[in-house]
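These protein sequence lines map, in sequence, to chains P, C, A and X.
Residue numbers in the first sequence follow the numbering used here, run continuously in steps of one, and reach 222 at the last position.
Residue numbers in the second sequence follow the numbering used here, run continuously in steps of one, and reach 951 at the last position.
Residue numbers in the third sequence follow the numbering used here, run continuously in steps of one, and reach 276 at the last position.
Residue numbers in the fourth sequence follow the numbering used here, run continuously in steps of one, and reach 437 at the last position.
Backbone N, C-alpha and C fix where the C-beta goes; we use that ideal spot for every residue, glycine too.
Here the structure is a predicted model, which means the values were calculated and not measured.
Below is one structure, written out as structure tokens; comments come after it.
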Amino acid sequence: MTDQPLNRRGFLARAASLGLTTALVTTLAPRLAFAEWNKAAFEGKTPADALKSLGVADAKESADIQILASDIAENGAVVPVQAVSKIPGTTQISVLIEKNPSPLAAVFEIGPDMLPDVTTRVKMGQTSNVVVLVQAGGKHFTATKEIKVTLGGCGG
Amino acid sequence: MTTNLRIAALSALLFAAPLPAFAAESAWGPGADDAAFEAMLKSGFREKGIVKLDRLKQDATQAFCSDPIKSNAKDAAKARAEIEAANLAAVKWPSDGKFLGDFKAGEKIAQSGRGLTSTDKADQVNGGNCYNCHQIDKAEISYGTIGPSLVGYGKLKGTSEEALKTTWARIWNSKSSNACSNMPRAGHMGILGEQQVKDLMALLLDPNSPVNK
Amino acid sequence: MTAHPRAGLATLLLVAAVSAGVARAESDATIEGIEKYREALRDGNPAELFEAQGEELWKKPAGPKSVSLETCDLGMGPGVVAGAYAHLPRYFADTDKVQDAESRILTCMATLQGVDVKKYVDARWTSPEKDELVALATYVSGQSKGVKVAASATHPKERAMFDLGKRMFYFQGGPHDFSCATCHGQEGARIRLQDLPNIPTQKGAAAGWTSWPAYRVSSGQMWSMQWRLADCFRQQRFPEPIYGSDVTVALSMFMAATANGATMDTPGIKR
Amino acid sequence: MGNPMKIRATAKDGVTEVKVLMSHEMETGFRKDSSGNPIPAWFIAEVTAKLDGKDVMKAQWGPSISKNPYLSFKIKGGAAGGKVAITWVDSKGDSRTDQATIA
Numbered sequence: 067m068t069d070q071p072l073n074r075r076g077f078l079a080r081a082a083s084l085g086l087t088t089a090l091v092t093t094l095a096p097r098l099a100f101a102e103w104n105k106a107a108f109e110g111k112t113p114a115d116a117l118k119s120l121g122v123a124d125a126k127e128s129a130d131i132q133i134l135a136s137d138i139a140e141n142g143a144v145v146p147v148q149a150v151s152k153i154p155g156t157t158q159i160s161v162l163i164e165k166n167p168s169p170l171a172a173v174f175e176i177g178p179d180m181l182p183d184v185t186t187r188v189k190m191g192q193t194s195n196v197v198v199l200v201q202a203g204g205k206h207f208t209a210t211k212e213i214k215v216t217l218g219g220c221g222g
Numbered sequence: 739m740t741t742n743l744r745i746a747a748l749s750a751l752l753f754a755a756p757l758p759a760f761a762a763e764s765a766w767g768p769g770a771d772d773a774a775f776e777a778m779l780k781s782g783f784r785e786k787g788i789v790k791l792d793r794l795k796q797d798a799t800q801a802f803c804s805d806p807i808k809s810n811a812k813d814a815a816k817a818r819a820e821i822e823a824a825n826l827a828a829v830k831w832p833s834d835g836k837f838l839g840d841f842k843a844g845e846k847i848a849q850s851g852r853g854l855t856s857t858d859k860a861d862q863v864n865g866g867n868c869y870n871c872h873q874i875d876k877a878e879i880s881y882g883t884i885g886p887s888l889v890g891y892g893k894l895k896g897t898s899e900e901a902l903k904t905t906w907a908r909i910w911n912s913k914s915s916n917a918c919s920n921m922p923r924a925g926h927m928g929i930l931g932e933q934q935v936k937d938l939m940a941l942l943l944d945p946n947s948p949v950n951k
Numbered sequence: 006m007t008a009h010p011r012a013g014l015a016t017l018l019l020v021a022a023v024s025a026g027v028a029r030a031e032s033d034a035t036i037e038g039i040e041k042y043r044e045a046l047r048d049g050n051p052a053e054l055f056e057a058q059g060e061e062l063w064k065k066p067a068g069p070k071s072v073s074l075e076t077c078d079l080g081m082g083p084g085v086v087a088g089a090y091a092h093l094p095r096y097f098a099d100t101d102k103v104q105d106a107e108s109r110i111l112t113c114m115a116t117l118q119g120v121d122v123k124k125y126v127d128a129r130w131t132s133p134e135k136d137e138l139v140a141l142a143t144y145v146s147g148q149s150k151g152v153k154v155a156a157s158a159t160h161p162k163e164r165a166m167f168d169l170g171k172r173m174f175y176f177q178g179g180p181h182d183f184s185c186a187t188c189h190g191q192e193g194a195r196i197r198l199q200d201l202p203n204i205p206t207q208k209g210a211a212a213g214w215t216s217w218p219a220y221r222v223s224s225g226q227m228w229s230m231q232w233r234l235a236d237c238f239r240q241q242r243f244p245e246p247i248y249g250s251d252v253t254v255a256l257s258m259f260m261a262a263t264a265n266g267a268t269m270d271t272p273g274i275k276r
Numbered sequence: 335m336g337n338p339m340k341i342r343a344t345a346k347d348g349v350t351e352v353k354v355l356m357s358h359e360m361e362t363g364f365r366k367d368s369s370g371n372p373i374p375a376w377f378i379a380e381v382t383a384k385l386d387g388k389d390v391m392k393a394q395w396g397p398s399i400s401k402n403p404y405l406s407f408k409i410k411g412g413a414a415g416g417k418v419a420i421t422w423v424d425s426k427g428d429s430r431t432d433q434a435t436i437a
């Protein structure tokens with residue numbers, strides 16, 4: 067990520083202002099081999115905030131990204147999502163849940179030894195678009211799929 | 739005695755053959771071994787939160803409906819009619835003569851399944867549990883099917899005096915027309931108050947409610 | 006409105022038929038979507054995490070006597086765990102009681118390890134004590150995965166337990182007049198989108214009995230059959246069933262024996 | 335530090351598929367306890383994977399990942415008998431590493 071130094075400053079400043087445990091700053095930070103945990107991106111309140119903090123200025127929709135997930139989730143607490151990129155040179159796959167209070171769910175660094183195919187399970191507060199963001203060759207691409215979340219029984 | 743012997747002989751015969759477990763039906767319902775059943779209830783439950791052990795004391799309707807084979811039998815028709823009559827007689831009609839409240843409030847009550855469990859607080863506003871069993875709004879995909887769909891109920895029934903009364907009696911005390919209905923007696927058992935029942939009435943009968951749209 | 010009443014009626018019927026068709030198509034899509042969702046969850050059931058914890062608890066020396074549960078007799082002889090869950094509940098001569106897996110584990114904890122099990126019985130769900138019991142039940146049930154349910158029927162006390170369980174199943178009470186049968190006594194019904202097994206039938210009993218203990222996606226908790234029953238009673242607006250009590254064993258006996266012949270698929274995963 | 339993970343790694347046609355279950359609350363920070371007090375956020379923030387000691391995968395997670403997380407990914411290469419090691423670090427600085435042999 068090109069804007070890493072900026073992010074790191076932002077991370078530390080925010081961590082201090084939020085009174086975040088020193089353990090997080092001192093213990094977590096040095097262990098991270100590839101990049102700092104992108105606090106600004108994960109705490110962004112809208113997809114736009116998150117994208118900005120991820121350094122995404124312009125993202126094109128791409129049919130070469132597949133989101134494999136059921137159209138409907140019986141429970142929003144666990145929604146399986148598989149993201150597959152067929153874009154050559156994919157180096158990063160991110161998953162965002164548009165309507166979650168903090169939309170960014172995960173960022174996967176796709177190293178040279180990995181296939182651009184990851185499966186995770188996310189929480190969804192309500193029916194929402196799920197956005198998969200792919201970085202390839204320094205450019206960004208997205209795909210979107212709506213997943214409906216149904217109400218639970220009895221208590222709800 | 740002779741009948742008992744015959745049953746004993748029959749079951750001996752049945753059990754002699756290599757049949758799956760419990761192939762033969764034995765007496766199990768109310769009246770079978772009441773002492774054992776009472777002892778089991780007594781040792782098996784404890785009160786928790788707002789729920790006390792008196793919840794296990796049955797009224798006549800509950801006792802009658804706790805053996806579906808007996809209560810559904812042909813020769814139980816008279817007993818069923820008596821249960822229905824007693825429940826109908828207990829229906830409280832709207833104190834001001836107005837049957838219909840606010841359908842929007844009714845929708846909220848229909849969506850809520852809360853109240854009266856051992857984890858609910860005493861001041862929890864009870865819901866009607868309606869969506870757990872009924873389809874009510876076509877737009878809602880998450881609805882149960884234990885009860886019939888209520889989509890278009892108002893269009894079908896209209897708002898004649900008779901329709902108002904029948905519907906009120908159903909909600910207030912479902913057993914007034916079907917002795918062993920699966921539906922709770924919302925008003926009769928104090929689950930919902932008069933205003934809440936009025937709001938549910940509006941949900942069912944108001945031409946602008948999602949039921950009739 | 007000047008249209009002929011007949012024409013009006015025909016239109017109405019047509020509209021009704023069309024909208025019914027649309028509703029059915031929508032509902033098919035919903036069911037298909039839900040099936041796909043459940044399928045995606047089956048691969049990678051977090052219940053495996055609890056199974057592993059239970060195995061560790063089973064094999065680790067614990068309690069005042071500092072012994073493991075490895076010599077516990079679950080009905081197939083001391084130390085036999087494989088297939089035991091599928092044969093429970095059953096009558097045990099040493100306690101002169103019919104016991105399910107969970108009440109039997111309590112017995113073993115008391116007799117083998119010298120544990121004061123009252124603390125475990127009284128502890129609330131999600132307490133560390135109950136977490137242990139659930140993990141143990143999950144492990145034991147997992148050792149019966151793929152085994153056919155064969156709840157015994159030979160002892161008079163087992164028979165009596167079955168009859169009491171059946172009676173409990175139909176017993177109505179509380180402000181809502183609910184019994185187990187209210188929701189689990191008919192074919193093809195559901196609450197919200199949740200399918201309800203018709204428990205008095207073999208297929209229905211099997212759907213319930215062979216899939217618990219299960220990981221609950223909604224809460225991220227692992228639930229044993231005792232917890233499942235306790236929460237059913239909570240929703241019935243009943244008082245709380247005591248862990249391992251005869252009420253819970255009786256209902257389990259009714260379900261297990263009705264499910265006989267089905268294949269255990271534990272631990273399961275549920276909404 | 336935390337309960338063990340369940341890791342399954344299978345090599346087929348030059349690709350190793352890894353499936354991991356982790357034991358973690360993944361608390362969002364948005365929930366309240368029964369007395370209405372906010373439950374602080376607590377979640378796995380970073381996951382790394384090694385194949386035979388070499389870094390192959392790294393992920394950053396937020397609290398939108400489900401409780402008791404499941405993760406599946408594919409590595410180019412790897413063969414039966416090889417080792418896949420997974421490490422997570424959570425927002426409290428707690429961490430855990432588990433290893434599995436490729437089948």
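(request) Tell whether a beta-carbon distance below 8 Å holds between Ser856/C and Pro244/A. (result) The residue given as residue 856/C occupies position 118 in the second sequence. The residue given as residue 244/A occupies position 239 in the third sequence. Yes; because the gap between Cβ atoms is below 8 Å, this pair is in contact.
(request) Tell me whether Ile159/P is buried or exposed, calling it buried when 16 or more other Cβ atoms sit within 10 Å of its Cβ. (result) The residue you call residue 159/P lines up with position 93 of the first sequence. Counting Cβ neighbours within 10 Å, Ile159/P comes out buried, since at least 16 surround it.
(request) With a 10 Å radius around its C-beta and 16 neighbouring C-beta atoms as the bar for buried, classify Asn946/C as buried or exposed. (result) Counting from 1 along the second sequence, the entry for residue 946/C is found at position 208. By the neighbour-count rule (16 or more Cβ atoms within 10 Å), Asn946/C is not buried but exposed.
(message) Comparing C-alpha positions only, which one of Gly411/X, Asp428/X, Asp424/X and Ile436/X sits nearest to Gly348/X?
(response) Translated into the one-based positions of the fourth sequence, residue 348/X becomes position 14. Closest option to Gly348/X, Cα to Cα, is Gly411/X.
(message) Give me the DSSP bridge partner(s) of Ser887/C.
(response) Taking the second sequence and counting its residues from 1, one reaches residue 887/C at position 149. In the DSSP output, where bridge partners are listed per residue, Ser887/C has none listed.
(message) Does Ala67/A come out as helix, strand or coil in the three-state DSSP assignment?
(response) Within the third sequence, numbered from 1, the residue matching residue 67/A stands at position 62. Three-state result, Ala67/A: strand.
(message) Please list the terminal residues of the continuous beta strand (DSSP E) segment that includes Phe364/X.
(response) Residue mapping note: residue 364/X aligns to position 30 of the fourth sequence, counting from 1. Segment: none, Phe364/X is in no beta strand (DSSP E) and carries neither H nor E.
(request) Answer yes or no: do Val829/C and Ser914/C have a C-beta to C-beta separation smaller than 8 Å? (result) Residue 829/C sits at position 91 when you count from the first residue of the second sequence. Residue 914/C sits at position 176 when you count from the first residue of the second sequence. Yes.
(request) Compute the Euclidean distance between the alpha carbons of Gln934/C and Gly896/C, then round it to the nearest angstrom. (result) Here residue 934/C refers to the residue found at position 196 when the second sequence is read from its first residue. Here residue 896/C refers to the residue found at position 158 when the second sequence is read from its first residue. Roughly 20 Å separates the two Cα atoms.
(request) Report buried or exposed for Ser257/A, applying the criterion of at least 16 other Cβ atoms within 10 angstroms of its Cβ. (result) Counted from its first residue, the third sequence places residue 257/A at position 252. By the neighbour-count rule (16 or more Cβ atoms within 10 Å), Ser257/A is buried.
(request) Please classify Arg445/X: does DSSP put it in a helix, a strand, or coil? (result) A query on residue 445/X cannot be resolved here, the shown segment of chain X reaching from 335 to 437 and no further.
(request) Classify Arg365/X as buried or exposed, calling it buried when 16 or more other Cβ atoms lie within 10 Å of its own Cβ. (result) The count along the fourth sequence starts at 1 and reaches residue 365/X at position 31. Arg365/X comes out exposed.
(message) At a CB distance below 7 Å, what residues from the stretch 349 to 380 of chain X approach chain A? Give them in sequence order.
(response) Lys353, Leu355 and Ser357
(message) Do Met173/A and Pro94/A count as a contact pair if the criterion is CB distance below 8 Å?
(response) Looking up residue 94/A in the third sequence gives position 89. Looking up residue 173/A in the third sequence gives position 168. Against a cut-off of 8 Å, the Cβ pair of Met173/A and Pro94/A comes out as no contact.
(request) Could you tell me whether the Cβ of Ala17/P comes closer than 8 Å to any Cβ of chain X? (result) Missing from the structure shown is residue 17/P; chain P here goes from 67 to 222 and no further.
(request) Starting from the C-beta of Cys185/A, find all residues in its chain whose C-beta is less than 6 Å away, skip the five residues before and the five after it, and write them out in chain order. (result) Along the third sequence, read from residue 1 onward, the residue named residue 185/A stands at position 180. If you ignore the 5 residues before and after Cys185/A, its C-beta comes within less than 6 Å of the C-beta of Phe174, all in its own chain and listed in chain order.
(message) Can you look up Val197/P in the DSSP assignment and give me helix, strand or coil?
(response) By 1-based counting over the first sequence, the position of residue 197/P is 131. Val197/P falls in the strand class under three-state DSSP.
(message) Counting only Cβ pairs nearer than 7 Å, list the residues of chain A close to Ser136/P.
(response) One-based indexing of the first sequence puts residue 136/P at position 70. By Cβ distance, chain A contributes Gly38, Lys41, Tyr42 and Ala45.
(message) I'd like the span of the alpha helix (DSSP H) that includes Trp831/C, first residue to last.
(response) Within the second sequence, residue 831/C is the residue found at index 93, counting from 1. No alpha helix (DSSP H) holds Trp831/C; DSSP gives it neither H nor E.
(request) Take Val173/P as the anchor and find which of Asn166/P, Val200/P and Glu127/P has the nearest alpha-carbon. (result) Residue 173/P sits at position 107 when you count from the first residue of the first sequence. Ranking the options by Cα distance to Val173/P, first place goes to Val200/P.
(message) Within 10 Å of its beta-carbon, does Gln849/C have 16 or more other beta-carbons around it, so buried, or fewer, so exposed?
(response) For the purposes of this step, residue 849/C is identified with residue 111 of the second sequence, where counting begins at 1. Around the beta-carbon of Gln849/C, 16 or more other beta-carbon atoms lie within 10 Å, marking it buried.
(request) Please decide whether Thr87/P counts as near chain A, where near means a Cβ-Cβ distance under 8 Å. (result) Along the first sequence, read from residue 1 onward, the residue named residue 87/P stands at position 21. Annotation note: pLDDT 32 at Thr87/P (below 50); position unreliable, coordinate value reported separately. It does not; no Cβ of chain A falls within 8 Å.
(message) Can you pull the chain P neighbours of Gly225/A, defined as C-beta to C-beta under 7 Å?
(response) Numbered from 1 along the third sequence, position 220 holds the residue referred to as residue 225/A. Within chain P, the residues near Gly225/A are Ala143.
(message) Quick check on DSSP: helix, strand or coil for Met258/A?
(response) Start at 1 with the first residue of the third sequence, and residue 258/A comes out as number 253. Reduced to three states, the DSSP call for Met258/A is helix.
(request) Could you confirm whether any beta carbon from chain A is found closer than 8 Å to the beta carbon of Lys384/X? (result) As a position in the fourth sequence, residue 384/X is number 50, starting the count at 1. For Lys384/X, not one C-beta of chain A is nearer than 8 Å to its own C-beta.
(request) Output the distance between the C-alpha atoms of Tyr220/A and Ala140/A, rounded to the nearest integer angstrom. (result) Numbered from its first residue, the third sequence carries residue 220/A at position 215. Numbered from its first residue, the third sequence carries residue 140/A at position 135. So the two alpha carbons sit approximately 11 Å from each other.
(message) Assuming contact is defined by CB atoms lying nearer than 8 Å, are Asp840/C and Ala940/C in contact in what I supplied?
(response) One-based indexing of the second sequence puts residue 840/C at position 102. One-based indexing of the second sequence puts residue 940/C at position 202. Taking 8 Å as the Cβ cut-off, Asp840/C and Ala940/C qualify as a contacting pair.
(message) Is the beta carbon of Pro403/X closer than 8 Å to that of Ile440/X?
(response) Residue 440/X lies beyond the residue range present for chain X, which begins at 335 and ends at 437; the question has no answer from this structure.
(message) Restricting to Cα atoms, I'd like to know which of Lys214/P, Val197/P, Lys205/P and Phe207/P is closest to Ala877/C.
(response) Taking the first residue of the second sequence as 1, we reach residue 877/C at position 139. When only C-alpha atoms are compared, the closest one is Lys214/P.
(request) Go through the stretch 88 to 120 of chain A residue by residue and report every complete run of the alpha helix (DSSP H) that reaches 4 residues or more, in order. (result) Fully contained in the stretch 88 to 120 of chain A are the following alpha helix (DSSP H) runs of length 4 or more, in chain order: 106 to 118.
(message) At the 8 Å Cβ level, is Pro83/A part of the contact set with chain X, yes or no?
(response) In the third sequence, counting from the first residue as 1, residue 83/A sits at position 78. No, Pro83/A lies away from the interface with chain X (no Cβ there is under 8 Å from its Cβ).
(message) Here's the rule: buried if 16 or more other CB atoms are within 10 angstroms of the residue's CB, otherwise exposed. What is Asp861/C?
(response) Within the second sequence, numbered from 1, the residue matching residue 861/C stands at position 123. Around the beta carbon of Asp861/C, a 10 Å sphere encloses fewer than 16 other beta carbons of the protein chains shown; the residue is thus reported as exposed.
(request) Please go through the stretch 125 to 156 of chain P and give each complete beta strand (DSSP E) segment of 3 or more residues, from N-terminal end onward. (result) Restricting attention to beta strand (DSSP E) runs no shorter than 3 residues, the stretch 125 to 156 of chain P encloses them at 125 to 127, 131 to 134 and 145 to 151, ordered along the chain.
(request) Could you run through the stretch 132 to 147 of chain A and flag, in chain order, every residue whose CB is less than 9 Å away from some CB of chain X? (result) none
(message) One question on the structure: do Gln231/A and Gly249/A come within less than 8 Å of each other, judged by their Cβ atoms?
(response) Walking along the third sequence from the start, residue 231/A turns up at place 226. Walking along the third sequence from the start, residue 249/A turns up at place 244. Closer than 8 Å, so yes.
(message) What does the alpha-carbon distance come out to for the pair Asp428/X and Phe55/A?
(response) In the fourth sequence, residue 428/X corresponds to position 94, counting from 1. In the third sequence, residue 55/A corresponds to position 50, counting from 1. The alpha-carbon atoms of Asp428/X and Phe55/A are separated by roughly 20 Å.
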